[in-house]
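Numbering (the working numbering), first residue to last: 474 to 563.
This is the structure we're talking about:
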């Protein structure tokens, strides 16, 4: 068995002045474990709501963007009779 070491060199584009650029929270595991019961309640409630009501109606902007994408996507040419709306709502 051979073990290879791979060194990844990458540049970071972190900008401290950009509110959307954040460093990772090194204490996230401790913080989440402290509120694990609340997290699980949130997950269960969300799951129940999803299975009861689904995601709701697909917004028109999503239908339009998907339709435009499917019209130019060469992989979609295999089934030209398929409706984009039908594909989304399956």
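Using N, Cα and C, we set each Cβ at its ideal position, and we do this for glycine too.
Query, Result
"Per-residue DSSP class, three states only, for residue 495", "coil"
"Rounded straight-line distance, which links the Cα of residue 544 to that of residue 495", "38 Å"
"C-beta contact flag for residue 498 and residue 492 at 9 Å", "no"
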